[in-house]
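Engineer: I have a structure I would like to understand better, so I am pasting it below and will then ask my questions one at a time.
Residue numbers (the numbering used here): 11 to 212.
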């Protein structure tokens with residue numbers, strides 16, 4: 011929620027419980043029907059505003075990033091996770107679904123590096139695709155102090171995956187100063203600068 015509050019003014023977030031549940035159900039259903047990796051819906055209760063999903067085995071991407079930030083090179087699993095996260099995000103955008111909350115913790119990574127997207131309660135139809143990319147990369151960057159080869163490999167893998175189906179125009183939009191300002195609270199300036207530079211070069 012803290013990130014959501016800082017993001018106000020740069021991107022719209024929904025605080026309505028009903029609206030979030032409707033988005034979670036609708037976009038999970040849409041992406042699942044189109045073959046994207048999201049949890050299966052097992053049931054829903056409108057009174058308690060809760061949805062039951064299938065269990066997704068694996069590790070949150072944020073857990074892997076904590077370890078990766080201590081390394082000098084990007085491991086194969088982390089690189090594949092970044093690439094498939096980029097591809098998954100671009101595939102959702104191709105369906106005109108903006109995901110809304112793309113923090114690394116919302117991507118579950120299996121042992122082969124393939125990712126499943128969870129938490130779609132902030133998703134919107136034709137929403138802000140640039141924000142999705144910005145949040146994923148700039149928030150990921152807060153685990154690092156120096157911009158090293160491990161982070162470079164991670165960022166480039168994500169960009170490469172996104173461009174398999176997505177537009178470089180969205181990547182350049184993600185480099186907007188208004189998004190950079192949001193993440194300046196968490197992420198070191200040199201990290202923001204270098205990630206932004208890679209986005210503008212894509």
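Even glycine gets a Cβ: it sits at the ideal position worked out from N, Cα and C.
#1: So who's on the other strand from residue 126, going by DSSP bridges?
#2: Where do the ends of the alpha helix (DSSP H) carrying residue 170 lie?
#3: Can you name, in chain order, every residue of its own chain whose Cβ lies under 6 Å from the Cβ of residue 174, other than the five neighbours on each side?
#4: Per DSSP, what kind of secondary structure is residue 50 in: helix, strand or coil?
#5: Enumerate in chain order the residues of its own chain whose CB-to-CB distance from residue 69 is below 8 Å, with the five nearest sequence positions on each side excluded.
#6: Which class does residue 70 belong to by DSSP, given the choice of helix, strand or coil?
#7: Closest to residue 135 by C-alpha separation, out of 127, 148, 104 and 163, would be which residue?
#8: Any idea which residues DSSP pairs residue 182 with across the strands?
Structural biologist: Taking the definition as stated:
#1: To locate residue 126, count along the chain shown from 1; it is residue 116. Per DSSP, 118.
#2: Numbered from 1 along the chain shown, position 160 holds the residue referred to as residue 170. Residue 170 -> alpha helix (DSSP H) spans 159-173.
#3: Stepping through the chain shown from its first residue, residue 174 is reached at position 164. Once the five neighbours on either side are set aside, the close Cβ partners of residue 174 are 97.
#4: In the chain shown, the residue the question calls residue 50 occupies position 40. Looking at residue 50 - three-state DSSP - the assignment turns out to be coil, as it is neither helix nor strand.
#5: As a working note, residue 69 is residue 59 in the chain shown. Result list for residue 69: 118 and 119, in chain order.
#6: Looking up residue 70 in the chain shown gives position 60. Strand, per DSSP.
#7: Looking up residue 135 in the chain shown gives position 125. The residue with the shortest Cα to Cα distance from residue 135 is 104.
#8: Taking the first residue of the chain shown as position 1, residue 182 is located at position 172. Looking at the DSSP assignment, residue 182 forms no beta bridge with any residue, so it has no partner.
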